[in-house]
Structure formats: structure tokens, C-alpha cells
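Chains as they are written, first to last, in our numbering: chain A, 6 to 318; chain U, 61 to 603.
See structure below.
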């Protein structure tokens with residue numbers, strides 16, 4: 006097991022190296038002078054020359070890469086010319102809303118989709134099943150910003166139950182934080198609920214045909230125990246896999262959702278950075294998201310062993 | 061006190077169960093009545109589709125939703141189960157009536173330990189505390205003769221063998237001393253020696269506790285071994301019921317007579333002495349070693365076949381018998397070069413093919429053909445049987461119309477209608493499909509026909525017909541046949557020579573009469589001793 010984790014951690018290195026090379030080349034392969042790109046439209050030629058020296062752009066490309074990656078490894082992501090701060094500082098400021106949004110979304114998504122998926126499988130062909138399946142088609146096809154604005158219109162503007170936009174730090178006012186988290190997480194979780202409930206339904210349906218489910222019923226267990234203890238645990242692996250893959254979609258979804266709800270998170274930072282061609286920030290964000298994605302999927306792989314004793318690494 | 065005077069634990073009166081509309085008949089079970097007394101083992105015997113499992117599931121209240129009991133009563137110690145609601149049924153399950161199933165490999169939840177799974181029964185139905193429950197579970201594990209009950213308690217099903225898993229199922233079923241045990245083909249998926257042990261265990265346990273047993277099987281050998289009384293079912297109707305001895309030796313109904321006459325005898329038929337035809341196949345020290353080695357895993361070496369020497373002459377049938385994992389299918393697959401042997405030589409006529417390159421091997425492929433075990437899965441469901449049959453010959457250069465003409469002739473040979481070549485596999489029954497598979501193999505005009513458990517999935521009456529067909533074809537075409545089977549009775553009837561395999565090695569090899577008549581190897585002896593109903597000579601009755 007320890008072996009496996011170490012091996013997987015080692016396997017992360019080539020993945021991240023490839024990502025790093027692509028990120029590095031992204032800036033170098035942009036048409037024009039990277040220094041000019043970084044400095045922005047209104048820079049003087051002195052400023053550009055200054056940046057060029059700072060970035061070591063006069064060195065050969067391999068040397069540049071080594072310097073750059075060395076910086077990255079030390080957590081030195083450079084300086085954002087647009088925000089006039091170091092990128093590390095920027096990310097530290099912006100990470101909380103995104104993290105909060107991701108966690109709330111996952112809680113919503115898993116908490117809603119797994120039970121309705123199980124119920125839909127148990128009552129296959131019933132009205133409930135058809136409603137769940139119908140919802141999941143809608144959930145897939147309606148874009149996040151449409152759902153977001155609809156929710157704002159109903160719950161914030163018409164009913165006035167929740168604030169329209171904005172963010173309060175969790176440490177400042179917990180209740181205010183929660184109020185402002187509900188609508189964004191709901192918006193972002195719609196797609197996930199659609200996805201996970203479908204997968205849950207499919208994999209529970211498959212398990213329900215297994216012989217050991219019949220054995221469990223022959224023991225005189227109640228339907229609830231049969232479903233939750235015997236069926237769901239056996240159906241867990243595909244569900245976990247989809248949740249893991251979902252983290253990637255979540256990051257993409259955060260960009261839109263944060264814009265709709267005015268959350269000052271990494272998603273919006275990314276949008277702003279892209280619009281202002283703030284390359285150091287873009288690079289850092291991409292690298293960070295890749296690390297998160299790889300690590301989350303490692304955790305998911307490890308969690309398989311908790312659900313299925315036959316899986317041994 | 062005799063069995064008859066006690067009140068029955070189970071009384072099935074006039075039971076009918078309807079099939080959903082669109083099925084091939086209206087009732088899965090029609091007007092069936094029988095009783096099971098305390099301490100009695102009643103066997104329900106029948107071929108597939110006879111409704112025997114439906115009866116078992118109706119008693120447990122576990123019928124699929126599409127099936128509905130339409131009339132009759134099922135009395136468990138006088139209480140009508142058909143009138144009981146779901147929660148009452150749950151109370152009765154495992155406390156008064158229990159069930160064990162055919163497939164021990166899949167009947168246990170793979171992600172829970174065996175102990176936990178038995179504990180669920182006690183937790184649901186009793187008020188015992190954790191320590192008392194555990195003590196009771198350890199005791200029942202010991203009673204079903206599992207070694208090291210403490211270790212087994214914490215084991216997952218995949219860590220146990222098939223026989224051990226079936227013991228867990230039995231322990232789970234009997235832990236609360238139910239009055240009725242329903243056993244649905246509990247030994248069908250097990251090897252013959254394991255089967256004998258499980259049958260003995262069931263008989264011992266039920267005798268000790270006076271449990272009534274409803275035992276479902278298709279195997280008359282098992283019936284002869286274990287049943288007190290027998291009920292014979294056909295198409296959902298009970299055709300005959302009586303004490304085992306009477307039904308087996310003096311059956312009255314023509315269907316029962318036909319079934320019992322179809323059971324192959326365990327005594328080999330006398331065959332002529334060795335023919336002097338040319339040797340079609342010879343293996344020399346054939347071996348196959350599997351080594352699973354991953355990048356970071358320890359290499360695991362499994363010797364599936366070791367030093368196998370066989371030979372078959374034209375017009376002869378050589379049988380390889382053995383239990384699962386004995387290597388018999390591995391040998392067959394090596395000979396057909398479906399897998400590559402790791403050691404030794406295979407001579408097909410004069411050609412050595414064990415180490416031949418794939419490109420050179422191609423022309424020789426035609427000479428060896430296989431009929432597989434499961435006729436439901438060994439044909440492509442999306443192409444017609446005609447296309448399946450002519451695909452091979454056309455691949456070897458025969459023109460389409462010639463190949464079709466050959467296919468039509470072969471359909472007659474296997475006694476099917478040549479005009480049905482444009483139908484799809486699902487339009488045929490299991491026995492018919494196996495005939496089609498034989499026709500497909502013969503279409504290549506092979507020198508050696510390998511039948512890998514080719515009759516194991518078939519009902520006994522169909523099995524008999526397919527066996528007769530294979531033997532007839534062997535004689536007519538003067539074919540060499542390699543017949544792989546786990547069923548000693550089948551081997552006794554069709555083989556000229558028999559090789560007994562165990563753990564990858566041939567432990568005994570000789571003429572069928574000699575091997576069956578006076579086995580020398582200890583393993584062979586044990587295998588024969590375990591064959592169910594070996595002491596019973598099934599008569600041949602005129603229907």
C-alpha cells in the first residue's frame with residue numbers, strides 16, 4: 006500500500022513535467038516578444054528590456070526553462086504586472102472562495118445525487134426514476150450561467166431569501182458566508198448531480214442483479230439495509246471514479262459560477278488574468294490546478310481499497 | 061415414529077405461478093402439490109424450464125416481480141406464506157426457512173467479511189449482544205467443518221475456495237436452526253469431490269436437527285445420493301412423486317422413464333480394441349506455465365500443465381477428465397494453439413506445431429477444430445448461423461455457394477433443418493445451438509475435433525442426443541476426438557481412452573474400461589468414489 010502511494014507520487018513527476026513544459030512553451034510560443042506581452046500594451050522599451058533581463062530571455066531556451074522551473078519549485082511564481090503583486094500573494098488571497106465553493110458543491114452534489122441515484126435504481130421504471138433521469142438530462146444540457154441567473158432571480162430577487170452576489174470570508178461572518186455560498190454551490194452542483202446520479206443509478210442497477218443481493222434478501226434483511234449496506238458499497242468504485250473526474254469539470258465550472266455570483270476566487274482571477282494577458286498568473290493557476298487534479302485522483306484510487314477489499318495495490 | 065406421521069414443515073397445495081404475457085407458456089408452475097416432513101429430504105428434479113427454482117423462490121417470497129402466484133397455498137408449519145406480508149416474510153427468512161444457492165462464488169457479498177455476513181442474520185433476527193453473536197458464529201463455522209473458524213470469520217469471500225464459500229452459505233442458513241432448508245442446486249457449480257463433501261454435510265446437519273430439506277437438482281446422481289423422496293417436474297407440472305428407490309427403479313410416467321434412461325452409466329461401454337489407424341495427434345512433454353509478472357509485482361508462476369503425453373488415432377475418442385484447475389482445458393487450448401505451450405511438442409500428423417510461427421501455423425488451423433462449453437456464448441449473436449458455418453471454409457478459399465452447399469449438408473448431419481441457415485442463434489434452443497457449433501467445426505473438415513465440456517451446459521435428455529450425435533459423427537467421418545469433461549459418466553460413455561488429470565499432470569492414462577474398471581492412482585480412486593450415485597445403476601426404460 007505504502008509502496009503503491011510512493012509509486013503513484015513518483016508517477017506524478019512526469020505528468021507535471023509535461024504540464025510545466027506546455028505552460029512554459031505557451032508563453033514562449035506566443036507571437037511577439039514575451040517580455041512585451043508580459044509588460045502589457047503601454048510599456049516603454051526600457052521596461053521591456055528590464056523584463057527581458059529579469060526573465061532571462063536573453064539566455065538560450067533550455068537555460069530559461071531550468072531557471073523558470075527552479076523558480077516554480079521554490080514557490081516563486083513571479084510577479085503579476087497587472088495586479089502589481091506577486092502571484093503567490095494573489096493566489097493566497099483568492100484561494101478561499103474557490104476552495105469553499107468546491108467543497109460546498111461536492112457536499113451538495115454527493116449528498117443529493119447518491120441517494121436519488123440509489124432510489125431511482127431501486128424503483129426502476131417508476132415515476133421517481135423517470136423524474137430523476139429527466140432531471141439529469143436537463144442538468145447536463147443547461148449551461149451553468151443560465152441556472153445561476155435563474156436561481157438568483159427566484160431566490161434572491163423574487164423571494165429575497167438569499168443575497169444576490171458577493172462573498173464574505175468564513176472567518177469574518179460564518180452565517181453570511183453560508184448565505185452567500187448556497188446559490189453558487191447549487192448552481193455548480195447541478196451538472197454534477199446529473200452526472201453522479203446517473204452513474205449511481207447505473208451501477209446500483211447492475212449490482213442489484215447480483216446473487217449476493219438475493220442472498221441478502223433471503224436473510225430477511227430490510228430493503229434499506231440491502232440497498233445501503235450491500236448494494237451501494239459494491240457500486241462505489243464507478244461512482245468514486247466519476248467524482249474524481251468531476252473535480253476537473255468543477256474547476257472549469259468555477260470560472261463561470263464565480264463570475265455570475267461575483268465571488269473573488271481563482272476562477273475569476275483566471276478570467277481576469279487571461280483578459281489582461283497576465284502570463285505569470287495564468288501559468289501559476291494552470292500548474293496549481295494540475296497538481297490538485299492529479300492528487301485528488303490519487304486519493305480516489307486509494308479510497309477504492311476502503312470500499313472493495315479485493316483491490317490491493 | 062416414522063416420517064409420515066409427523067406434521068409436515070412445508071406443505072405446497074395446488075400452487076400455480078403465472079408467467080408474464082408473451083412467455084412460451086402461461087404458467088411457470090401449474091397446480092403443484094407436495095409436502096416436506098421434518099428430517100426429510102425431498103428432491104425436486106427437472107430439466108431447465110421445469111419450474112423447480114420458481115417453486116423454491118415462491119416459498120422464500122423472493123420471486124421476480126414479473127412472476128405472480130395465482131392460486132394455491134404454501135404452508136410453513138401451517139402458516140400460509142402466500143398470505144403473509146413482506147415484513148412477516150422477512151421475519152421468517154433465516155429463522156424458520158433458509159435458502160442456499162447454486163453459485164457460491166457469487167452468492168456472498170465480496171466487500172464484507174464472512175463473519176459480518178453471518179452476523180447480519182443474528183443482528184436482524186435476535187437480541188443477542190456482540191460477544192454472544194460472535195460465539196454463536198464461531199460455533200456454527202465449526203459445525204460446518206471449516207478449518208480455523210476464527211480466521212474464516214475475518215476472511216473475505218474471495219480468500220476462500222468454492223466449497224468453503226458454500227459452507228459459509230450453509231452456516232448462514234442454519235445458524236438459527238430453521239425448520240426448512242431450501243437448497244437450489246447447491247453443488248452444481250462445485251467439483252465432484254467437493255460436491256460429495258457438501259452433500260454429506262447437508263445430510264448430517266439436517267439429520268441432526270430434524271430439518272426438512274427441499275433440494276433442487278437436475279442431477280439424478282445427486283438424487284440417488286441424498287433424497288428420501290423425489291418429485292419430477294416438467295414444464296411446471298409435477299408428473300410423478302414417490303420414494304427415491306421407487307422412482308429411480310420403477311418410474312411410471314413416460315417422462316420420468318425417459319429422463320432416467322438418459323442418465324449416462326458410470327460403467328464404460330465395451331469398445332473394440334485399439335484401432336490401427338494413423339496417429340492424428342501426439343503430444344510430448346507438453347507443458348504450459350503462466351507467469352504473471354507486472355512491473356512492480358512479484359512474479360507468480362502457475363504450472364497449468366506439466367509433462368503431458370497423449371496420443372489419439374483416427375476414429376478414436378480420447379477423454380481428459382479432471383476437476384476445475386486440473387489443466388484439462390489448458391491442454392486442449394495448447395493443442396489447438398489458442399494459447400502457446402511453454403514446453404514440449406505437439407505433432408499433428410507429422411507436423412510439429414507447438415513452436416510453429418503464427419504465419420506458418422495458419423494452414424494447419426483447419427485441421428483442429430473446437431466445440432466449446434457454452435452454446436449460448438460461443439456464437440456471434442449478430443450473424444446468421446449460416447454465415448457462422450461458412451465463414452471458416454470461405455476463409456480457406458472455398459467459394460460461397462460451395463460453402464453453403466456444405467453447410468446445408470452438415471445441417472442434415474447434425475439433424476437440423478438445412479432451410480434454417482438464415483436464422484440467428486437466439487432462435488435456437490441450447491441443444492440445437494450446440495449442434496450448430498458442431499456443424500461449424502465440421503465445416504472445416506478437421507482431422508481432430510476437440511469438445512471442451514461440450515455437453516456440460518445441456519440438460520440430460522439433450523446431452524444424451526448430442527453425445528450420440530458426436531459418436532455417430534466420429535464413426536462416420538473416422539474422426540479423432542479429444543473430449544474434455546469433468547463428468548465421469550459422460551466420459552465413461554463416449555471415450556475409448558481416458559486421461560485423468562490433476563494439478564496439471566496426467567495421473568492415469570489408459571483405456572476407458574481399464575481406468576474405470578480398476579483405477580490405480582489414488583486420485584482417480586478418490587474421484588470415482590466421490591461421483592454421486594455411483595452405487596446406483598440407472599435403468600434403461602422403454603418410454
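No residue lacks a Cβ here, since even glycine has one placed at the ideal position from N, Cα and C.
- Task: Can you give me the Cβ contacts of residue 357 (chain U) inside the same chain, cut-off strictly under 6 Å, excluding the 5 residues immediately before and after it?
- Result: Low confidence applies here, because residue 357 (chain U) scores a pLDDT of 49, under 50, leaving its location unreliable; read the following figure in that light. For residue 357 (chain U), where only same-chain residues beyond five positions count, there are no Cβ hits under 6 Å.
- What residues of chain A sit near residue 166 (chain U), judged by a beta carbon separation below 7 Å? Those are 215, 216, 217, listed as they occur along chain A.
- Mind reading off the beta-carbon distance from residue 97 (chain U) to residue 272 (chain U)? Whole number of angstroms is fine, and I expect it under 8 Å. Between residue 97 (chain U) and residue 272 (chain U), the beta carbon gap of about 6 Å places them in contact (Cβ cut-off 8 Å).
- Item | Three-state class that DSSP yields for residue 70 (chain U) in the structure shown | In this structure, residue 70 (chain U) counts as strand in the three-state DSSP scheme.
- Meets three-Cβ-pair contact criterion under 8 Å: the region 467 to 478 of chain U and the region 488 to 500 of chain U: Contact holds: three or more Cβ-Cβ distances are below 8 Å.
- Query: So, residue 606 (chain U) versus residue 204 (chain U), is the Cβ gap smaller than 8 Å?
  - Reply: The structure shown does not extend to residue 606 (chain U), since chain U is modelled only from 61 through 603, so no value can be given for it.
- Query: Quick one: Cα of residue 504 (chain U) to Cα of residue 452 (chain U), how far?
  - Reply: So the alpha carbons of these two residues sit roughly 6 Å apart.
- Item | Residue-level contact to chain U via CB, residue 47 (chain A), 8 Å cutoff | At a cut-off of 8 Å, the C-beta of residue 47 (chain A) has no neighbouring C-beta in chain U.
- Distance between residue 7 (chain A) and residue 300 (chain A) (C-alpha atoms, nearest Å): For residue 300 (chain A) and residue 7 (chain A), the gap between their C-alpha atoms comes out near 15 Å.
- Under a CB-based cut-off of 8 Å, is residue 224 (chain A) close to chain U? Chain U, which has a Cβ nearer than 8 Å to the Cβ of residue 224 (chain A), makes this yes.
- Item | Test: residue 181 (chain U) CB closer than 8 Å to a CB of chain A | Judged by the 8 Å Cβ criterion, residue 181 (chain U) is in contact with chain A.
- Task: Look up residue 394 (chain U) in the DSSP assignment and give the residues it is bridged to.
- Result: Beta-bridge pairing links residue 394 (chain U) to no other residue.
- Query: Since residue 154 (chain U) meets chain A, which of its residues come closer than 8 Å, beta carbon to beta carbon?
  - Reply: The contacting residues are 223, 224, 225.
- Item | Reference residue 110 (chain A); option with closest CA among A:32, A:140, A:58, A:256 | Per the Cα distances, A:256.
- So which residues of chain A does residue 127 (chain U) contact, with C-beta pairs closer than 9 Å? Contact note: residue 127 (chain U) does not reach chain A at a C-beta cutoff of 9 Å; the least C-beta distance is about 14 Å.
- Would you grab the beta carbon distance between residue 277 (chain U) and residue 300 (chain U) for me? Rounded to a whole angstrom, and I think it's under 8 Å. With 8 Å as the limit, residue 277 (chain U) and residue 300 (chain U) do not qualify as a contact, their Cβ atoms being about 16 Å apart.
- Query: residue 122 (chain U) touches chain A at which residues, Cβ-Cβ below 7 Å?
  - Reply: Listed along the chain, the chain A residues whose CB falls inside 7 Å of the CB of residue 122 (chain U) are 219, 222, 223.
- Task: Would you identify the three-state DSSP class for residue 283 (chain A), choosing helix, strand or coil?
- Result: In the structure shown, residue 283 (chain A) adopts coil according to DSSP, grouped into three states.
- Query: Listed from N- to C-terminal order along the chain, which residues in the region 162 to 192 of chain A have their beta-carbon within a distance smaller than 8 Å of any beta-carbon of chain U?
  - Reply: Residues of the region 162 to 192 of chain A whose Cβ lies closer than 8 Å to any Cβ of chain U: none.
- Query: Would DSSP call residue 229 (chain A) helix, strand or coil?
  - Reply: DSSP places residue 229 (chain A) in helix when its eight states are reduced to three.
- What are the start and end residues of the beta strand (DSSP E) that includes residue 49 (chain U)? Because chain U here runs from 61 to 603, residue 49 (chain U) falls outside it and cannot be looked at.
- Express the C-alpha separation of residue 140 (chain A) and residue 121 (chain A) in angstroms, rounding to a whole number. Cα-Cα distance, rounded: 11 Å.
- Item | Bridge-paired residues (DSSP) for residue 91 (chain A) | Residue 91 (chain A) is bridged by DSSP to A:84.
- If we ignore side chains and look at the alpha-carbon of each, how far apart do residue 94 (chain A) and residue 41 (chain A) end up? So the alpha carbons of these two residues sit roughly 23 Å apart.
- Query: Between residue 216 (chain U) and chain A, is there a C-beta pair that is closer than 8 Å?
  - Reply: Chain A contact via Cβ: present.
- Message: Quick check: the region 232 to 246 of chain U against the region 155 to 164 of chain U, are at least 3 beta-carbon pairs closer than 8 Å?
- Response: Touching, yes.
- Contact belief for residue 83 (chain A) with residue 92 (chain A) at Cβ below 8 Å, rounded distance in angstroms: Yes, they are in contact, since the Cβ atoms of residue 83 (chain A) and residue 92 (chain A) sit about 6 Å apart, within 8 Å.
- Item | Boundaries of the alpha helix (DSSP H) in which residue 112 (chain U) is found, first to last residue | Residue 112 (chain U) -> alpha helix (DSSP H) spans 112 to 120.
- Contacts of residue 471 (chain U) in chain A (Cβ-Cβ under 7 Å): None at all; the shortest Cβ gap to chain A is about 36 Å.
- Query: Looking at the C-beta of residue 306 (chain A), does it have a partner C-beta in chain U at a distance below 8 Å?
  - Reply: Output row for residue 306 (chain A): interface = no.
- Item | Cβ of residue 315 (chain A) within 8 Å of any chain U Cβ | True, the Cβ-Cβ gap to chain U drops below 8 Å.
- Message: What does the alpha-carbon distance come out to for the pair residue 388 (chain U) and residue 586 (chain U)?
- Response: Rounded to whole angstroms, residue 388 (chain U) and residue 586 (chain U) show a C-alpha spacing of 18 Å.
- Can you grab the Cα-Cα spacing for the pair residue 362 (chain A) / residue 216 (chain A), in whole Å? Only positions 6 to 318 of chain A appear in the structure, and residue 362 (chain A) is not among them; the question remains open.
- Item | Alpha-carbon to alpha-carbon, residue 285 (chain A) and residue 85 (chain A) | About 6 Å.
- Report yes or no: do three or more beta-carbon pairs, one from the region 144 to 160 of chain A and one from the region 188 to 206 of chain A, lie closer than 8 Å? Contact between the region 144 to 160 of chain A and the region 188 to 206 of chain A is present, because at least three Cβ pairs lie under 8 Å.
- Query: By DSSP, does residue 165 (chain A) sit in helix, in strand, or in coil?
  - Reply: The three-state reading of DSSP puts residue 165 (chain A) in coil, since its state is none of H, G, I, E or B.
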